[in-house]
Structures are given as structure tokens and as C-alpha cells.
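Each step along the sequence shown adds one to the number in the UniProt record's numbering, with nothing skipped, and position 74 is 74.
Read through the structure below, which is laid out as C-alpha cells, and then see the notes.
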Amino acid sequence: MIKCPFEKVLLPVDRSENSKRAIKFAGAVLSTIEGSGITILYVMAGGYLSEHMKNIDFRAELLKGTEVFKKIKAKHIEENITPFLNEYESILKKAGVKGEIAKRIEEGDPGNKIIEIATKEGFQTVMLSRRGMSELKSFIIGSVSNKVVHGLLNQNIYLVGQKISEESPIPRILVPVDGSEYSMKAVEHAVCLAKTVKGIENITVLRVINVSLYLERVRQGIDPEKEAEETLNKAKRKFSEEGISENLVITKSRVGFPADEILKEIEEGDYNLVIMGRKGRSALKDLVLGGVSSAVVNKCFESTVAIINQ
Numbered sequence: 001m002i003k004c005p006f007e008k009v010l011l012p013v014d015r016s017e018n019s020k021r022a023i024k025f026a027g028a029v030l031s032t033i034e035g036s037g038i039t040i041l042y043v044m045a046g047g048y049l050s051e052h053m054k055n056i057d058f059r060a061e062l063l064k065g066t067e068v069f070k071k072i073k074a075k076h077i078e079e080n081i082t083p084f085l086n087e088y089e090s091i092l093k094k095a096g097v098k099g100e101i102a103k104r105i106e107e108g109d110p111g112n113k114i115i116e117i118a119t120k121e122g123f124q125t126v127m128l129s130r131r132g133m134s135e136l137k138s139f140i141i142g143s144v145s146n147k148v149v150h151g152l153l154n155q156n157i158y159l160v161g162q163k164i165s166e167e168s169p170i171p172r173i174l175v176p177v178d179g180s181e182y183s184m185k186a187v188e189h190a191v192c193l194a195k196t197v198k199g200i201e202n203i204t205v206l207r208v209i210n211v212s213l214y215l216e217r218v219r220q221g222i223d224p225e226k227e228a229e230e231t232l233n234k235a236k237r238k239f240s241e242e243g244i245s246e247n248l249v250i251t252k253s254r255v256g257f258p259a260d261e262i263l264k265e266i267e268e269g270d271y272n273l274v275i276m277g278r279k280g281r282s283a284l285k286d287l288v289l290g291g292v293s294s295a296v297v298n299k300c301f302e303s304t305v306a307i308i309n310q
């Protein structure tokens, strides 16, 4: 039986509309999953001190030192952080999340702190917006998100996109597969969602036949078309074994360059969620993120992308 990895979920946030969207997405997905424990995390990067520097006479306050900054920090938290954390908690509760919700404030480099907490404290899933409030719109994926994606190797990571459906969080799901262990983990994650999240209309399992390897496979005595069909059938069996209706699952194959074809399919199919394994079978073991997955993460910003590690 496939188990959903949502028992311990970390939601790194800031005050941006992007983060609020990620919270709404998390609430919609996790509201139907029993036993989810959620931690809303805000990391203070130290910039808050600069806002107050001009108001401090260091010559007069030198002896007070630490106490001055403790007061600045406490005031900053009370006025600028606690209100939006309370708002986010309220959004989750209104969405129907029944599990425990913790709010947490830490200091340090946001990306590094998120990685440290998720790793040391055994979080299974991290959901965050692609960009924070201070990051330029010209960048598809923000610096914090990028660091988290490349730094967390054992957690599933949801990069919440711009497109959130009001009626259902993930009505249309795409799962690209290549037969590798990681892509089958992505299929299993889709199965888990199909069993627990309401409002899913269809799940498309896509196999791209890599045109650059086509002749090589033929020379090896392998029929690429048949190989693709076998991979799709294997993926479809995972759904049927868990009692998921065949009508929910669509299988599809395309010929071309994998990253390009996946991105075309995302655009044409208007998918809300793309679930991908961290690495494909052709990605070197020492690569942190497979080439195809990396291309999709960096070029697909409307849809939410889930990178599956477990």
C-alpha cells in the first residue's frame, strides 16, 4: 500500500503574495489528508536590523548592546512577522486542515536554514513559493527556492506556481516517466494524491521517446515504441493496484527531446501540477538534479512542480 508523505510538512514563507498563494495551495491539498502536521517557518535574514540602524545612537547605547537588539528584534517580530503568520495559520484552518499547525521563527540564511531544519527534523515534504517578496520577477525560480531544490535530497519539494484553481487545487496532473526508479516514485506520489485529494479530473502519464537515442536503441535491438508502451503500462498498473479508476488515468507518448516535449505538453494540457522524479535514468549519479527535471523547474512557472525524492 502506497503511503502519502504528508505526516510532517514544512511551509517556508515570507510576507509576499507568492507565499500566501503557496499557503492556500497547501491548505487545499492537505485539508483532505488525515494526520498532517504542518510547520509554518519564517527565517529572518538579518535585514530587519538595517531598518532601525538610523534610529540608534551607538555611542549612547553601546553599553546596552545586546539588550537593544533584543528589543528591536522583539518589536520587529510583533509588528511585522506575527500578524502574517497568524493570517497564514487562519488560511490553513479555514481550508479545513485538521492536523497540528506550528508557527516558527528562525534567524539565518533562509535557504540554508530551511535545508537544515527539514533535514535534521525529518520533514517529509517541503512546500514553498517559487519566488519570495524580494526576488525579481525576471527570475523564474528564486534564489531561496533554488537552494532548497538542490540542497534537499530526501524530501519531496513542491514549488508552488502562479496557477491555483479555486474549485480544486490540482484538477489536472502530469507525470512524465522514463522507466527509472525516480520516475516510478513520481507515479506512486500521483497515486497517493489520487487516493486522498478531492477534485482531480485526470492524471496524464507521459513517456517521451528521446529522438537523440532512438537509433541507438534500435541498434541495441530495442523497439523504442514498445519500450515506451511497457513503461506506461507499468505506471498504469500502479494506479489499478491501489484501486484508482482507469478513467482517471491517461497515458500518452511523444517523440522528441524530453524537456522540450514535456514543456509543450504542460502548456497544451493546462496542467496544475507536474510531478517529476529528481533524476532520470540517463542522469549521472553525482548530479543533484537531472537535466530534464532541472529544465522543467526553470522554465515552467505557471504550474506547480513537485520534485519527488522519496
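Idealized CB from N, CA, C, for every residue including glycine.
Since this is a predicted model, take the numbers as computed values, not measurements.
Might you give, ordered along the chain, the residues of its own chain that have their beta carbon closer than 7 Å to the beta carbon of residue i, omitting 5 neighbours on each side?
{"i": "glycine 122", "result": "Lys8"}
{"i": "glutamate 167", "result": "Gly199"}
{"i": "residue 311", "result": "With the chain represented from 1 up to 310, any question about residue 311 goes unanswered, as that position is not in the structure."}
{"i": "valine 148", "result": "Gly111, Ile114, Ile115, Val126, Leu128 and Ile157"}
{"i": "serine 303", "result": "Gly161, Lys163, Ile266, Tyr271, Asn272, Leu273 and Val274"}
{"i": "arginine 172", "result": "Glu201, Asn202, Gly269, Asp270, Tyr271 and Asn272"}
{"i": "aspartate 109", "result": "Ala45"}
Classify residue i as helix, strand or coil using the three-state DSSP reduction.
{"i": "residue 315", "result": "Shown here, the chain extends from 1 to 310; a query on residue 315 therefore has no answer."}
{"i": "glycine 37", "result": "strand"}
{"i": "glycine 277", "result": "strand"}
{"i": "valine 191", "result": "helix"}
{"i": "alanine 74", "result": "helix"}
{"i": "valine 197", "result": "coil"}
{"i": "arginine 207", "result": "strand"}
{"i": "leucine 130", "result": "The amino acid occupying residue 130 in the given sequence is arginine; leucine does not appear at that position. DSSP places arginine 130 in coil when its eight states are reduced to three."}
{"i": "lysine 98", "result": "coil"}
{"i": "asparagine 156", "result": "strand"}
{"i": "lysine 185", "result": "helix"}
{"i": "valine 296", "result": "helix"}
{"i": "arginine 104", "result": "strand"}
{"i": "isoleucine 308", "result": "strand"}
{"i": "alanine 60", "result": "Confidence at alanine 60 is low in this model, with a pLDDT of 43, below 50, so the placement of that residue should be treated as unreliable; the coordinate-derived value is given next. Looking at alanine 60 - three-state DSSP - the assignment turns out to be helix."}
{"i": "threonine 32", "result": "coil"}
{"i": "isoleucine 170", "result": "coil"}
{"i": "asparagine 272", "result": "coil"}
{"i": "alanine 283", "result": "Low confidence applies here, because alanine 283 scores a pLDDT of 47, under 50, leaving its location unreliable; read the following figure in that light. DSSP places alanine 283 in coil when its eight states are reduced to three."}
What are the start and end residues of the alpha helix (DSSP H) that includes residue i?
{"i": "serine 240", "result": "224-241"}
{"i": "threonine 119", "result": "110-120"}
{"i": "proline 258", "result": "258-269"}
{"i": "serine 145", "result": "143-151"}
{"i": "leucine 215", "result": "214-219"}
Alpha carbon to alpha carbon, how far is residue i from residue j?
{"i": "aspartate 286", "j": "glutamate 181", "result": "Annotation note: pLDDT 33 at aspartate 286 (below 50); position unreliable, no value reported."}
{"i": "asparagine 103", "j": "leucine 92", "result": "Sequence check: residue 103 is lysine here, not asparagine. Their backbone Cα atoms lie some 12 Å apart in a straight line."}
{"i": "lysine 98", "j": "isoleucine 275", "result": "25 Å"}
{"i": "residue 315", "j": "threonine 66", "result": "No information on residue 315 is available, as it lies outside the stretch 1 to 310 that the chain covers here."}
{"i": "glycine 277", "j": "lysine 75", "result": "43 Å"}
{"i": "asparagine 156", "j": "asparagine 309", "result": "5 Å"}
{"i": "leucine 152", "j": "isoleucine 72", "result": "33 Å"}
{"i": "serine 90", "j": "glycine 35", "result": "18 Å"}
{"i": "lysine 113", "j": "leucine 213", "result": "41 Å"}
{"i": "isoleucine 40", "j": "valine 177", "result": "32 Å"}
{"i": "residue 371", "j": "methionine 44", "result": "With the chain represented from 1 up to 310, any question about residue 371 goes unanswered, as that position is not in the structure."}
{"i": "glutamate 17", "j": "glutamate 100", "result": "24 Å"}
{"i": "alanine 22", "j": "glycine 37", "result": "16 Å"}
{"i": "lysine 279", "j": "methionine 184", "result": "11 Å"}
{"i": "isoleucine 140", "j": "cysteine 300", "result": "Low local confidence applies: a pLDDT of 43 at isoleucine 140 is under 50, so the model's placement there is unreliable, and no value is given."}
{"i": "arginine 130", "j": "glycine 269", "result": "21 Å"}
{"i": "lysine 236", "j": "phenylalanine 6", "result": "23 Å"}
{"i": "glycine 256", "j": "serine 145", "result": "29 Å"}
{"i": "asparagine 86", "j": "serine 165", "result": "23 Å"}
{"i": "isoleucine 196", "j": "valine 68", "result": "Before going further, note that residue 196 is threonine rather than isoleucine in the sequence given. Cα-Cα distance, rounded: 50 Å."}
{"i": "valine 29", "j": "arginine 219", "result": "46 Å"}
{"i": "glycine 96", "j": "isoleucine 77", "result": "27 Å"}
{"i": "isoleucine 33", "j": "isoleucine 222", "result": "42 Å"}
Spatial neighbours of residue i within its chain, please: CB distance less than 6 Å, with the 5 preceding and 5 following residues excluded, ordered by chain position.
{"i": "alanine 26", "result": "Leu11 and Met127"}
{"i": "alanine 259", "result": "Val292 and Ala295"}
{"i": "valine 175", "result": "Ala186, Val187, Ala190, Val205 and Ile275"}
{"i": "valine 305", "result": "Leu159, Val274 and Val297"}
{"i": "glutamate 216", "result": "none"}
{"i": "valine 288", "result": "Low per-residue confidence applies at valine 288: pLDDT is 41, beneath 50, and the placement is therefore not dependable, though the value from the model is reported in the following sentence. Contacts found: His150."}
{"i": "isoleucine 262", "result": "Pro176 and Val296"}
{"i": "proline 169", "result": "Phe25, Ala28 and Val29"}
{"i": "leucine 193", "result": "none"}
How far does the beta strand (DSSP E) with residue i in it reach, from first residue to last?
{"i": "isoleucine 91", "result": "No beta strand (DSSP E) contains isoleucine 91, which is instead part of the alpha helix (DSSP H) from 82-95."}
{"i": "lysine 8", "result": "8-12"}
Among the residues of its own chain, which have a CB less than 8 Å from the CB of residue i, if the five just before and after it don't count?
{"i": "residue 311", "result": "There is no way to answer for residue 311, as the model of the chain reaches only from 1 to 310."}
{"i": "serine 253", "result": "Leu206, Arg207, Val208, Ile209, Glu225, Ala228, Glu229 and Leu232"}
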